[in-house]
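Residue numbers (the numbering used here), protein chains in the order written: chain A, 2 to 187; chain B, 2 to 187. Note that the Cβ used here is the ideal one computed from N, Cα and C, for glycine as well. Worksheet: one structure, shown below.
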DNA sequence: GAAAACATTTTACAAATGATAAATAATCAG
DNA sequence: CTGATTATTTATCATTTGTAAAATGTTTTC
């Protein structure tokens, strides 16, 4: 499905809003492991996954930490930079070969002024992200690592394409620990 | 400071928007430990703390878990219910004697249609909440319990009024474990 | 296809945290 | 004020997770 059509399922958009938004959307392709946005940069582009999957990651004490995975139709944005205009110590990387829809953030924010419905659309999209993030906190706060792993497995078939080391840090545990959990399960 | 004046520091509001918003804001007082919103209810009111502090909490396996603390000038809202219209297994409780600004959510959403600037104001307020939540994930994902406790201590002086059992579950550890951490620090 | 690079599992031991119960300390209601 | 209730600390032991290093498995590159 076309991206603007998908947006229409969330908020009805006026024809001019549709056109204005359409004009901003480009498609970009990345190979497995490509860096999509560099660590330390400022977010100036919103992405939505068209195909493949990608992750938000950062370095902490010499370890590569995965903070977030995105799969088709999902946003992938370093929100703490997008909303503050400040650089972030996080980056975005393609996990598999990946196609993304890209939207320039400054151009989008200009559209907010002219098109109330576009601002509303992205308000709602980010509200949904916010709710997902709250659920993630529940999970990190009071589920065991094993429970969190099983939850992730259920969430999407794409998990099988993701290297374990990425999954381990996403779950907040070491690779060794995840390996033990997997050994226990079989 | 008056709440609408505070809002103006975030987004300029037209005089009619100011009046419309002002008309929605009421003040409510609660005594320590009062339940502000019941577990299982649907969120129909946004609150902003005027004085005191409050928490969002839920029950998990017979344990009372604190998910969030709010202090003066901060929002306290069960977002997963506000944005979905569905009931939530979370509640809101006053930790100390507390005064809240209250805004009816359905009335607010109606104002969104008439006042682009009001929708923008709350878009930005919730974007800020979203960013805070992302920071919380970083903290839960890769800081030790001791680091998370020290971080919380730094964040606000109000922490001293909060019972340890609430703090422990907020940090994702048991009360006993938090007690040990405190013993280590002195 | 073989060497090199990278990913995952296993092992052994240390440290952190959980569970339970009991001991103290602090707060509240009459 | 005093007993009752609630909150916090301490102790013990079990479990989970971390760290480091080595072994094994898989993928990539030439």
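Top-ranked residue by Cα proximity to residue i, from the options
i                      : options                       : result
residue 23 of chain A  : A:81, A:183, A:119 and A:59   : A:119
residue 194 of chain A : A:43, A:125 and A:114         : No answer is possible for residue 194 of chain A: it lies beyond the span of chain A, which begins at 2 and ends at 187.
residue 99 of chain B  : B:21, B:51 and B:155          : B:51
residue 87 of chain A  : B:57, B:132, B:93 and B:114   : B:132
residue 3 of chain A   : A:41, A:49, A:35 and A:38     : A:49
residue 58 of chain B  : A:135, A:114, A:149 and A:163 : A:135
residue 96 of chain B  : B:12, B:62, B:34 and B:30     : B:34
residue 93 of chain A  : A:114, A:70 and A:15          : A:70
residue 1 of chain B   : B:67, B:68, B:115 and B:60    : Shown here, chain B extends from 2 to 187; a query on residue 1 of chain B therefore has no answer.
residue 171 of chain A : A:130, A:82, A:140 and A:109  : A:140
residue 129 of chain B : A:166, A:160 and A:85         : A:85
residue 29 of chain A  : A:101, A:109, A:83 and A:68   : A:101
residue 64 of chain A  : B:60, B:7 and B:143           : B:143
residue 185 of chain B : B:117, B:32, B:156 and B:146  : B:146
residue 157 of chain A : A:72, A:56, A:5 and A:62      : A:72
residue 6 of chain B   : B:155, B:61, B:74 and B:183   : B:74
residue 110 of chain A : A:25, A:9, A:15 and A:8       : A:25
Close Cβ partners of residue i (< 7 Å) along its chain, the five nearest in sequence each way excluded
i                      : result
residue 27 of chain A  : 103
residue 162 of chain B : 54, 96 and 97
residue 45 of chain A  : 105, 106 and 107
residue 32 of chain A  : 95 and 98
Limits of the unbroken beta strand (DSSP E) element including residue i
i                      : result
residue 161 of chain A : Counting along the chain, residue 161 of chain A falls outside any beta strand (DSSP E), and DSSP gives it neither H nor E.
residue 38 of chain B  : 36-38
Extent of the continuous alpha helix (DSSP H) to which residue i belongs
i                      : result
residue 29 of chain A  : Premise fails: residue 29 of chain A lies in the beta strand (DSSP E), 26-31, not in any alpha helix (DSSP H).
residue 117 of chain A : 117-143
residue 185 of chain A : 176-186
residue 72 of chain B  : Note, residue 72 of chain B: premise wrong, no alpha helix (DSSP H); not H, not E.
residue 42 of chain A  : Element bounds for residue 42 of chain A: n/a, residue is neither H nor E.
residue 8 of chain B   : 4-9
Identity of the residues DSSP links to residue i by a beta bridge
i                      : result
residue 59 of chain A  : A:66
residue 100 of chain A : A:30 and A:52
residue 94 of chain A  : A:36 and A:56
residue 77 of chain A  : A:48
residue 105 of chain B : B:46
Contact set for residue i: own chain, Cβ-Cβ below 8 Å, skip 5 residues either direction
i                      : result
residue 38 of chain B  : 44, 46, 79, 92 and 93
residue 126 of chain A : 11 and 76
residue 113 of chain A : 119, 120 and 123
residue 67 of chain B  : 56, 57, 58, 167, 168, 170 and 171
Contact set for residue i: own chain, Cβ-Cβ below 6 Å, skip 5 residues either direction
i                     : result
residue 81 of chain A : 89
Touch check for the stretch 166-184 of chain B and the stretch 138-155 of chain B: three-plus C-beta pairs under 8 Å? Yes, they touch.
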